[in-house]
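**Q** Numbering (my numbering), first residue to last: -12 to 160.
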């Protein structure tokens, strides 16, 4: 089987991570793959903020948990958080950011790194605290949070895929 397709079929979300940091060269490859996601008219509406600083990672985790109404770590202990935001002035911004998230997760899996899409980025970065972070990071413009892509080495075996549902694909010949 084609290695890229095999990677897409076998990639699963990871919900438990080791504390080990991802080597910068691997993180850079994952980020580069994210920048090559398809975007509407090639306008590249998304931006990615790579968070490896533990204090900032923990702050984002708390903000996300607050939106969810819990005090648990919604990032499952992952040491890296890639925040994907997209420019709301582009009509395809949600789709553009979603494709970036997919590229990030598939690239991570190809390197043996676990990932999971964590929601609530929209709410986190619509908050005053989120806006302050964006300004601190130098992210200027009308951006909306699309997702948090958490990364790390899996703490357990990768789960197997569930069987695909019936009628997932319809052919029109």
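By construction, the Cβ of each residue, glycine as well, lies at the ideal position given by its N, Cα and C atoms.
#1: Between the region -2 to 17 and the region 139 to 149, do at least 3 Cβ pairs fall closer than 8 angstroms?
#2: Locate the alpha helix (DSSP H) running through residue 42, then write down its first and last residues.
#3: So what's residue 82 in DSSP terms, helix, strand or just coil?
#4: Hey, would you say residue 34 sits closer than 7 angstroms to residue 72, going by beta carbons?
#5: Whole-angstrom Cβ separation of residue 97 and residue -11, contact assumed at under 8 angstroms?
#6: Is the beta carbon of residue 105 closer than 7 angstroms to that of residue 146?
#7: DSSP state of residue 131, grouped into three classes?
#8: Taking C-beta to C-beta, are residue 77 and residue 30 nearer than 7 angstroms?
#9: Identify every residue that forms a DSSP beta bridge with residue 37.
#10: By Cβ distance, which residues of its chain are closer than 6 angstroms to residue 44, with the 5 residues on each side in sequence left out?
#11: Compare the Cα-Cα distances from residue 116 to each of 95, 47, 84, 133 and report the closest residue.
#12: Since residue 161 is in the alpha helix (DSSP H), which residue starts that stretch and which ends it?
#13: Among 94, 32, 107, which has the Cα closest to the Cα of residue 50?
#14: Am I right that residue 159 and residue 110 are in contact with their C-beta atoms under 8 angstroms? What's the rounded C-beta distance?
#15: Since residue 15 contacts residue 100 with CB under 8 angstroms, what's their CB separation in whole angstroms?
**A** According to the structure shown:
#1: yes
#2: 41 to 55
#3: helix
#4: yes
#5: With 8 angstroms as the limit, residue 97 and residue -11 do not qualify as a contact, their Cβ atoms being about 12 angstroms apart.
#6: no
#7: strand
#8: yes
#9: 69
#10: 38, 68
#11: 47
#12: Only positions -12 to 160 of the chain appear in the structure, and residue 161 is not among them; the question remains open.
#13: 107
#14: That pair is no contact at about 39 angstroms.
#15: That belief does not hold up - the Cβ atoms of residue 15 and residue 100 are roughly 12 angstroms apart, past 8 angstroms.
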